[in-house]
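J.:
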Amino acid sequence: MATDSAAARYVLDGSDEDLRRLLKISALLDAMTRTALATVDIRPGWRVLECGCGPLGAMPILSDLVGPSGQVVGADFAAPTVARARSVVTELGLRNVEVRVADINDPASSIGDSYDLVFSRCFLLHQRDPLRTLTRIRDALRPGGWFVAMEPLPNPPPFSFPPHDDLRVAWELLHRAIERGGASPTAIDDLPATAREAGFDVVRLGGSFQPADPATGFGLHAATTVAVRAQIIASGVATSEEVDGVIDRLHTAAQGGYHWVTSPLSLTVTLRAPGP
Ligand SMILES: C[S@@+](CC[C@H](N)C(=O)[O-])C[C@H]1O[C@@H](n2cnc3c(N)ncnc32)[C@H](O)[C@@H]1O
């Protein structure tokens with residue numbers, strides 16, 4: 001079962017435009033995601049859970065890695081997002097992928113158990129109680145199972161060349177809105193320590209970012225700001241004029257004058273549940 005109130009508190013707006021944004025992010029982060037997953041020797045036939053899969057997440061990559069004898073379960077608490085994910089999965093012919101409406105934090109939700117691997121991307125930063133979420137994930141793994149998390153650090157902000165200050169402003173607005181929405185502001189900075197507290201071994205720490213062409217990069221940062229616009233204004237983080245100014249200037253920058261724009265810097269953490 002999804003927790004409707006938890007999904008309603010989620011800071012990004014979940015509109016069609018936002019889902020299209022997440023599909024573009026999945027394409028941009030493909031190589032980074034494969035590198036993060038290569039830290040685990042994933043075998044054909046494995047069962048894998050993606051937490052907060054969004055409309056696509058890493059499900060095509062995971063589907064490919066576990067092969068036809070494996071199974072991928074995508075879980076997301078937003079029913080419209082799951083509906084979109086199911087149609088994308090059908091369109092792509094990913095027969096070993098199933099998408100469920102489920103709140104990872106809700107013990108009554110049907111996320112399944114005994115997974116060989118859990119994956120999360122841009123998910124933990126939205127959680128109110130990271131220790132509770134990590135404990136739920138640990139309990140969903142088989143003994144000795146793996147958790148790979150690829151999560152954006154709040155600092156440093158994304159960067160362009162030449163530098164554009166609204167990238168920093170947009171990134172700060174997003175994080176302040178996430179924090180006002182009740183999520184832990186240090187969820188990612190604290191992730192290795194919280195993971196140990198939840199009983200995981202921290203096997204590897206890494207980090208990466210992906211530069212993009214200016215149209216894609218500024219376009220995605222503008223789209224993220226649009227997706228969080230209502231929450232930024234409602235929570236008093238900035239006025240509509242201030243947010244719209246940032247969005248307009250990012251759109252203008254997408255039209256030329258820049259060489260490249262980066263994704264956020266992601267912390268990549270490979271964790272292992274206690275062994276058999
Ligand atoms: C920023 S999106 C990232 C989507 C995807 N992981 C990706 O990287 O493309 C975060 C997703 O997590 C979902 N989400 C957030 N908290 C959740 C929770 N507690 N349980 C299930 N889904 C959650 C949201 O609905 C949203 O689709």
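Mapping to full-length UniProt numbering: the sequence shown position 48 is 48, numbers consecutive. Just so it is clear, CB atoms sit at the ideal spot from N, CA and C, and this is done for glycine as well. Computed from a predicted model, the values in this text were never measured in an experiment.
(1) Can you tell me whether residue 288 is buried or exposed, with buried defined as 16 or more other CB within 10 angstroms of its CB?
(2) Sorry if obvious, but does the Cβ on Q127 come closer than 7 Å to a heavy atom of ligand 3?
(3) Could you tell me whether the segment 41-56 touches the segment 108-121, using the rule of 3 or more Cβ pairs below 8 Å?
(4) State the DSSP-derived secondary structure class of T224, mapped to helix, strand or coil.
(5) Can you tell which of A223, A177, R204 and Q255 has its C-alpha closest to the C-alpha of D213?
(6) So the candidates are R180, L19, T39 and A149; which of them puts its Cα closest to the Cα of R86?
(7) Label H259 either buried or exposed according to how many other C-beta atoms from any shown protein chain fall within 10 Å of its C-beta, with 16 as the threshold for buried.
(8) Contact between the segment 56-71 and the segment 89-105: three or more CB pairs below 8 Å?
(9) Counting along the chain, where does the alpha helix (DSSP H) carrying residue 311 start and finish?
(10) Using 10 angstroms around the beta-carbon of P163, count the other beta-carbons present and answer buried if the total reaches 16, otherwise exposed.
(11) Decide if N155 is buried, meaning its Cβ has at least 16 other Cβ atoms within 10 Å, or exposed.
(12) Let me know the beta strand (DSSP E) ranges lying completely inside the segment 135-178, each 3 residues or longer, listed in chain order.
(13) With distances taken from CA atoms, which of R272, I247 and L267 is nearest V188?
(14) Quick check: L56 and L28, are their CB atoms within less than 8 Å of each other?
(15) What's the gap between the Cα of T225 and the Cα of T35?
(16) Could you give the DSSP three-state label for A85: helix, strand or coil?
(17) Taking buried to mean at least 16 other C-beta atoms within 10 Å of its own C-beta, is L205 buried or exposed?
(18) Below 7 Å, is the gap between the Cβ of S87 and the nearest heavy atom of ligand 1?
(19) Would you list the one or two residues that DSSP bridges to D201?
(20) Looking at C-alpha atoms only, which residue of A108, S26 and P264 is the closest neighbour of W171?
(21) According to DSSP, is A212 helix, strand or coil?
(22) Is A254 helix, strand or coil by DSSP?
(23) Taking only heavy atoms of ligand 1 into account, decide whether any of them is closer than 7 Å to the Cβ of D76.
(24) Tell me the residue span of the beta strand (DSSP E) that contains L65.
(25) Just to check, is the beta-carbon of A36 closer than 7 Å to a non-hydrogen atom of ligand 1?
T.: Inspection of the coordinates gives the following:
(1) Here the chain comprises residues numbered 1 to 276, so residue 288 is not present and cannot be evaluated.
(2) No copy of ligand 3 appears in this structure; the ligands present are ligand 1.
(3) Flag = yes, the segment 41-56 and the segment 108-121 touch.
(4) helix
(5) Q255
(6) L19
(7) Flag for H259 reads exposed.
(8) yes
(9) What the structure shows of the chain is the stretch from 1 to 276, and residue 311 is not part of that stretch, so it cannot be assessed.
(10) exposed
(11) The residue is exposed, with fewer than 16 neighbouring Cβ atoms inside 10 Å.
(12) For the segment 135-178, the full-length beta strand (DSSP E) segments reaching 3 residues or more read 141-152 along the chain.
(13) Contrary to the premise, residue 188 reads as Ile rather than Val in this sequence. When each option's Cα is compared against that of I188, the closest is L267.
(14) For the 8 Å CB-CB criterion, L56 and L28 do not form a contact.
(15) Approximately 27 Å, taken between the alpha carbons.
(16) helix
(17) exposed
(18) no
(19) R272
(20) P264
(21) strand
(22) Of the three classes helix, strand and coil, the one that applies to A254 here is coil, per DSSP.
(23) yes
(24) First-last for L65: M59 to V66, but that is the alpha helix (DSSP H), not the beta strand (DSSP E).
(25) no
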